[in-house]
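Residue numbers (my numbering), protein chains in the order written: chain A, 755 to 972; chain B, 745 to 1008.
Reviewing the structure listed below.
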Amino acid sequence: MQMMSLVIPDLAGGFVMALEIFVVTLLGSLPLGVIIALARMSKVKVISAIARVYISFMRGTPLMLQLMALMFGPYYLLGISMGSDWKFGACAIGFILNYAAYFAEIYRSGIQSIPVGHYEAAEVLGYSKVQTFFYIVLPQVIKRILPAMGNEIITLVKDTSLAFVLGIAEMFTEAKALAASFVSMIPYVIAAAIYWIFTLVVEFILNRIEKKLDYYHD
Amino acid sequence: MTNGDASMGNTRTIVSLDNIEKSFGDNVVLKDISLKVAKGEVVSIIGSSGGGKSTLLRCATLLETFERGSLAYGDMIVARKEPDGRAVYLGKDILKQARLKFGLVFQNFNLFPHRTVLQNVMDAPIRVQKRDKGEVEKEAHELLSKFGLGGKENMVPCELSGGQQQRVAIARALCMNPEILYFDEPTSALDPELTQDVLKIIRDLAKEHMTMVIVTHEMTFARDVSDRIVFIDKGVIVEEGSPEQVIDNPQHERTRSFLRKIYD
């Protein structure tokens, strides 16, 4: 019991940090993904090639390695000392850059699945390109990509544990420390339960949105 | 009906395409095609698949650009012909204005699936033409009930039959108050029993002297409804004239062989 009274507050603190990483990552990568997706579909070959390489690199190397590169790169490569606050900055930037690459490809699949006839109908009706994107394409894309986005967002819940390599006190870091000091598996079990509950909440929210968009099918 | 008006020259020309030439790569799909449509006229375009009918419609509705020839809506020149025959399109503003002159009904309807029937009809007049919402809503309701869709305003397209969807698409095009309405095989995606509902609406519009150009494979319908029939084959207009001339007494062998295939 005495163990619990120490484990719970520490894991709760770790959970708050994990939640922070989760929210910051989504806030940054959801919009950044749109820009990368549009770049990837650009008719300008150079822009689309850059986006292609970016996506390939971000998906082709471990996120853990990317986080470490951002954390230590400034010092070892450029000799710049970033200070101790850089930890969270490196973590946020790493997650955002990585997740934006995955989101970009999901967005692209959604945008390219909209029938060309919808664009043509909009064009004949006189909609501008911007109006067509926001009023006709985007609402349909959101419905189509929701399941794939759900997958990715749930993965992110658990990926927050990678911040451990930067020494950020998120839930996995805390669980590991507690397990070591109490010589017990219990902190891991509780952490696992909290991760699962976290994903259940995310699933619940995604289901609600999916239901809301269920008024039509194509 | 109004047969002959077009050639009298005393009616206003709504659209004129002159010496249109269009290729996809090395494949020339339209060769020196000229077509004028007068106000109130109903023109049907017939011919085999791949003959250039739909491409012609897509050129007239600015979904495709052609390389040679000219296009004008009334006095508004959209693409002018250079002395060497090359087509030069005018600026974006002109194209935007030109788009308000015509409507297009697609083979696959192309309704916006996430919008209700009423929103599909009302959105463009409000958003694009910036017309008063109350006025547009009144017009949309009138059009929908005229087309037998009263009570379906708040449904989404997937809840309707193909014939009903196509009638919504016609209402959507008409709510923009176009001067001319194009139909690209409007019944080709429909079951035979749903085809008649859509054809009836087009017949009614013809009686109201709506200017229309219809690409169709429905010969009986084309004969009844049209002032003029244009037969296109391999990118050229082979024959055109009244339905009696073209369908009942075709002069060219290609027209005859096409009609024989259709009626077999």
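Heads up, the beta-carbon is just placed ideally off N, CA and C, and yes, glycines get one too.
Under DSSP, G979(B) shares a beta bridge with no residue. Using a 10 angstroms sphere on the CB of F849(A), the tally of other CB atoms reaches 16 or more, which defines it as buried. Residue-level contact by beta carbon fails for A823(B) and chain A, as no gap is shorter than 8 Å.
Straight-line spacing of the CA atoms in S889(B) and A816(B) works out to 34 Å. Cα atoms of S915(A) and L806(B): separation of roughly 54 Å, rounded to the nearest angstrom. Taking 8 Å as the CB threshold, K840(B) lines the interface with chain A.
Shortest Cα-Cα distance from A823(B) to any of R947(B), D762(B), I870(B), T999(B) involves D762(B). Shown in chain order are the members of the segment 876 to 891 of chain A whose Cβ falls below 9 Å from a Cβ of chain B: A876, E877, V878, L879, G880, Y881, S882, Q885, Y889, I890. Here E879(B) is exposed. Its C-beta has fewer than 16 other C-beta atoms within 10 Å. With its beta carbon at least 8 Å from every one in chain B, Y861(A) lies outside the interface. Exposed is the label assigned to D968(A), since fewer than 16 other Cβ atoms lie within 10 Å of its Cβ. By the criterion of a C-beta distance shorter than 8 Å, N852(B) is surrounded in its chain by A933, once the five residues flanking it on both sides are discounted.
Counting along the chain, L815(B) sits inside the beta strand (DSSP E) bounded by residues 812 to 817. V943(A) is classed as exposed because its beta carbon has fewer than 16 other beta carbons within 10 Å across all chains shown. One finds P869, G871 in chain A with Cβ atoms closer than 9 Å to the Cβ of N852(B), taken in chain order.
In this structure, the beta-carbon distance from A966(B) to I790(B) falls below 8 Å. DSSP places T757(B) in no alpha helix (DSSP H) but in the uninterrupted beta strand (DSSP E) bounded by 757 to 768. In the DSSP assignment, F965(B) falls within the alpha helix (DSSP H) that extends over 963 to 969. Taking 8 Å as the cut-off, the beta carbon of V982(B) is found closer than this to the beta carbon of T999(B). According to the DSSP assignment, G847(B) belongs to the beta strand (DSSP E) that extends over 846 to 849.
For D948(B), the enclosing alpha helix (DSSP H) has its first and last residue at 936 to 951. For C803(B), no CB of chain A lies under 8 Å from its own CB, so it is not counted at the interface with that chain. Comparing alpha-carbon positions, the option among E859(A), K965(A), F958(A) lying closest to A791(A) turns out to be E859(A).
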